[in-house]
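Novice:
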Ligand code: PLP
């Protein structure tokens, strides 16, 4: 029992003593509150909050887009855009796609009575296979896995010929707006797992959607308000913080990825290394995620290789300041059936490496030790 007289009025008045106009912080403080005064334009954090609003403004400037809507995760961004579809609509997705996205589309299509068509959009002839009743096309480029390219302008052009009202959605997570701007190439919506490069520190989850279409943006904001999939203020604050170093991290990732591509290409235990096509038209640079295939006779040695590494953590995270190693077959694409993985050409021999901000020499030394271990233990 609290016996202090006027306790309630004291605690209530305290926060009014902090005058933000006098404090003048050099970065925006964290507005970890759900409610705002009735006179505030923010109203209620599910509707808007200064932290995610500022993040959205920064991303929108970077992307050159009219609108950015932040949500709780990359999967929430994917879910938000596919929610624009109606029963009996036709959704086309690319065959090469993140395993959870693949699973999500299958579930979504089954529950909502959506016609799901999977094409190899990395091949030009797939343009002729896009059905005339298409309503939405979703793809990643570069793709996860294999870093293949889908031509955003060719797919957009073809789809708009078939149905001018269809939407092109590009998952631009791996290219980032620093290296690829899908909205300038014909896409209607661009989505990100902000958990990856935007965050860069494996400490926050988030999703972003950008568009120039006012009506779509309003629709997505209304959906977010009513379904509650907002990005929480602390995550928004962390993501905004990470954006101060975004370009520096990406520059470094790009430099390391190029160097590591040549390094891995010379390793005798490696059969093939995947690196995306940087054509300077669509894709103008690339970060830190590479794939390689272990030689066929050494496929069972992935565990020996990954365990021997000291600088690479095993796990699903990526695109951050620390290096990571993963086997997509059992990791990012675990939710797909063996047959589906086989159809995609994804085997246990595929390894994903994400390079952090460690020095190149240290990374090479660590990898050499890993590859030596593949050969030595039996
Ligand atoms: N899109 C891509 C290309 C991804 O790689 C991922 C996650 O790895 C996602 C979307 C999902 O993002 P999140 O984990 O933030 O929900």
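Numbering (our numbering), first residue to last: 4 to 381. Don't be surprised by glycine CBs; every beta carbon is placed ideally from N, CA and C.
Is residue 382 near the ligand PLP, going by C-beta to nearest heavy atom under 7 Å?
Specialist: Here the chain comprises residues numbered 4 to 381, so residue 382 is not present and cannot be evaluated.
Novice: Quick one: using the 10 Å Cβ neighbour count with 16 as the cut-off for buried, is residue 362 buried or exposed?
Specialist: exposed
Novice: Taking 8 Å as the threshold, find out whether the segment 206 to 223 comes into contact with the segment 60 to 76 through three or more Cβ pairs.
Specialist: yes
Novice: In whole angstroms, give me the CA-to-CA distance for residue 243 and residue 54.
Specialist: Straight-line measurement puts the Cα of residue 54 at about 8 Å from the Cα of residue 243.
Novice: Assuming residue 355 is part of the beta strand (DSSP E), what are its boundary residues?
Specialist: 353 to 357
Novice: Just verifying my parser: in three-state terms, what is the DSSP assignment at residue 264?
Specialist: The answer is helix: DSSP assigns residue 264 an H, G or I state.
Novice: DSSP on residue 117, reduced to helix/strand/coil?
Specialist: coil
Novice: Only counting runs of 4 or more residues, tell me where the alpha helix (DSSP H) segments fall wholly within the segment 87 to 166, in order along the chain.
Specialist: 102 to 115 and 155 to 165
Novice: Just the C-alpha distance for residue 359 and residue 322, rounded to the nearest angstrom, thanks.
Specialist: Each residue's alpha carbon lies about 7 Å from the other.
Novice: For residue 124 versus residue 111, is the C-beta spacing smaller than 8 Å?
Specialist: no
Novice: Counting C-beta neighbours from all protein chains within 10 Å, is the total for residue 1 16 or more, i.e. buried, or is it exposed?
Specialist: In the structure as shown, the chain starts at 4 and stops at 381, and residue 1 therefore has no counterpart that could be examined.
Novice: Have a look at residue 122 and residue 80 and give me their C-alpha separation to the nearest angstrom.
Specialist: 22 Å
Novice: Mind checking whether residue 209 and residue 238 have CB atoms under 8 Å apart?
Specialist: yes
Novice: Is residue 240 near the ligand PLP, with its Cβ less than 7 Å from a heavy atom?
Specialist: no
Novice: With a 10 Å radius around its C-beta and 16 neighbouring C-beta atoms as the bar for buried, classify residue 340 as buried or exposed.
Specialist: exposed
Novice: Alpha carbon to alpha carbon, what distance is there between residue 47 and residue 262?
Specialist: 48 Å
Novice: Please look up how many angstroms separate the CB atoms of residue 182 and residue 286, rounded, as I've assumed it's under 8 Å.
Specialist: Between residue 182 and residue 286 a beta carbon distance of about 6 Å is seen, short of the 8 Å cut, so the two are scored as contacting.
Novice: Please classify residue 192: does DSSP put it in a helix, a strand, or coil?
Specialist: strand
Novice: How big is the Cα-Cα spacing for residue 172 and residue 192?
Specialist: Rounded to whole angstroms, the separation of the alpha carbons of residue 192 and residue 172 is 5 Å.
Novice: Can you tell me which of 335, 373 and 51 puts its alpha carbon nearest to the alpha carbon of residue 383?
Specialist: There is simply no residue 383 to check, as the chain begins at 4 and stops at 381 in what is shown.
Novice: Below 6 Å CB to CB, which residues in the same chain sit around residue 85 once its five sequence neighbours on both sides are set aside?
Specialist: 111
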